[in-house]
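Residue 301 in our numbering is what sits at position 276 of the sequence shown, and the numbering runs on without skipping anything. All C-beta atoms, glycine included, are put in the ideal place defined by N, C-alpha and C. As the structure is a computational prediction, the values presented were derived from the model and not from experiment.
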Amino acid sequence: MSVLLTFPGQGAQKPGMLHALPAHAVVGDTLAEASAALGSDVLLLDTVEALRSTVAVQLCLLVAGVAAARYMAMLGAQPTMVAGLSIGAYPAAVIAGVLDFADAVRLVRQRAQSMEDAYPSGFGMTAVSGLVEAQLAPLVAQVHSMETPVYLANLNGPRQLVIAGSDQAMAAVASLVQAGSSGAKAERLAVSVPSHCELFDRQALELAAAMADVPLRRPRMTYISGSAARALFDGAAIGADLARNMARPVQWHDSMRHAWERGARLAVEMPSGSVLTKLAQPMFDGGMAVSCEGMRFEDIAQLVARGDG
Numbered sequence: 026m027s028v029l030l031t032f033p034g035q036g037a038q039k040p041g042m043l044h045a046l047p048a049h050a051v052v053g054d055t056l057a058e059a060s061a062a063l064g065s066d067v068l069l070l071d072t073v074e075a076l077r078s079t080v081a082v083q084l085c086l087l088v089a090g091v092a093a094a095r096y097m098a099m100l101g102a103q104p105t106m107v108a109g110l111s112i113g114a115y116p117a118a119v120i121a122g123v124l125d126f127a128d129a130v131r132l133v134r135q136r137a138q139s140m141e142d143a144y145p146s147g148f149g150m151t152a153v154s155g156l157v158e159a160q161l162a163p164l165v166a167q168v169h170s171m172e173t174p175v176y177l178a179n180l181n182g183p184r185q186l187v188i189a190g191s192d193q194a195m196a197a198v199a200s201l202v203q204a205g206s207s208g209a210k211a212e213r214l215a216v217s218v219p220s221h222c223e224l225f226d227r228q229a230l231e232l233a234a235a236m237a238d239v240p241l242r243r244p245r246m247t248y249i250s251g252s253a254a255r256a257l258f259d260g261a262a263i264g265a266d267l268a269r270n271m272a273r274p275v276q277w278h279d280s281m282r283h284a285w286e287r288g289a290r291l292a293v294e295m296p297s298g299s300v301l302t303k304l305a306q307p308m309f310d311g312g313m314a315v316s317c318e319g320m321r322f323e324d325i326a327q328l329v330a331r332g333d334g
C-alpha cells in the first residue's frame with residue numbers, strides 16, 4: 026500500500042504545537058537541530074504572542090512536520106509519497122531527502138521574513154466555500170485593481186477555494202459572495218500575508234537566488250508539488266518549485282487526485298490540524314485519510330504496518 030504524508034500550510038498553526046510533539050529522542054534531536062540553525066531556541070516560537078509573526082508560524086509548521094514524520098519513520102511508518110500545501114512543501118522536501126533540514130530552516134526563515142516585511146499589515150487570505158472556480162473568478166475580477174488587489178490563490182477542493190489580497194479587496198469579494206443566493210460563505214483565515222499570487226513575485230526571485238546556493242538532491246520517494254499538481258523527480262526542479270510557490274496558486278485538489286492516481290491509498294496529515302485530511306477524504310474514497318490530530322502516532326504506524334486503507 027502506498028502511504029502519502031501531507032504537510033499543512035499557514036492557518037494550521039496552534040499555540041503549543043511544538044511542545045505537544047511526542048517526547049522522544051528523535052523529536053528532541055529535530056528541535057535541537059532547528060535551534061542550532063536559527064541560533065535561538067525554537068521552542069520559543071509556538072506561544073500565542075510569537076505566532077502573531079509569519080516567521081514563527083512558518084518555522085513552527087516546518088519543524089513540527091519534520092519532527093512528526095521522523096517520529097513516524099522511527100515507528101516503522103515509512104511513506105512512499107509526500108506533498109505539502111504552501112509552506113508544507115518544505116518539510117515534504119526534507120522528508121523526501123531533497124533538502125537538508127538545517128538549510129530548510131534558514132530558507133523558510135528568509136521566505137517568511139520577506140513575506141512579512143513586504144506586507145506587514147492590511148493583507149491576508151480568505152476561504153470561500155460553496156462556489157466553484159468559475160463562479161468565484163468573476164467576483165474576484167470585479168473587485169481587483171491596483172488599489173484593491175485580490176487573487177484566486179488556492180484551489181483546495183471543487184468548492185473549497187481561497188483568495189488572497191488586501192483586507193479591503195477581500196471584504197468586497199466576501200460581500201459579493203455572501204450576497205448571492207447560493208449559501209456560499211467567506212471566512213478570513215489566520216494568515217497575515219497574501220500568499221500564492223503575483224504580489225510575491227519579487228520575493229520568490231530572491232528566494233530562488235538563495236536556493237541556488239543550497240545542495241538539492243533527487244527525492245528518495247515520490248514528491249508531489251502542490252503548485253504543479255504532479256510529481257517532480259529532479260532536485261533542481263523541486264528547488265525552483267519551492268522558491269516560487271509563494272507566488273503561485275495552490276492546486277491542492279488536483280495534487281490529491283494525482284497522488285491517488287499514482288497509487289496512494291492512505292493519506293496521513295502531519296501536525297498541526299486536520300484540514301488536509303478533510304480535503305483528502307472525498308478523493309480517498311476506497312482508501313483512508315487520517316491526521317495526527319485525530320489519531321495517536323502509534324495507532325497510525327500500526328495502520329500503515331497492517332496495510333489497511
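Alpha carbon of M281 to alpha carbon of A254, nearest angstrom: 8 Å
Pair within 8 Å by beta-carbon distance, M295 and G122: no
Burial state of D142 (16 or more Cβ within 10 Å): exposed
Simplified DSSP state of Y248, which is helix, strand or coil: strand
Integer Cβ distance of Y96 from H49, believed to fall under 8 Å: 6 Å
6 Å CB neighbourhood of A215 in its chain, flanking five on each side removed: G36
S280: CB within 7 Å of a non-hydrogen atom of the ligand SAH: With respect to the ligand SAH, the structure offers nothing, as it holds no ligand at all.
Distance, L186 Cα to E335 Cα: With the chain represented from 26 up to 334, any question about residue 335 goes unanswered, as that position is not in the structure.
Counted within 10 angstroms of its Cβ, other Cβ atoms place S146 as buried (16 or more) or exposed: exposed
Assigned exposure category for F225 - 16 Cβ within 10 Å defines buried: buried
Extent of the continuous beta strand (DSSP E) run through E315: The displayed chain sequence assigns Val, not Glu, to residue 315. It spans M313 to S316 - the beta strand (DSSP E) in which V315 sits, taken as one unbroken run.
Per-residue burial, V218 [other beta carbons within 10 Å of its own, 16 or more giving buried]: buried
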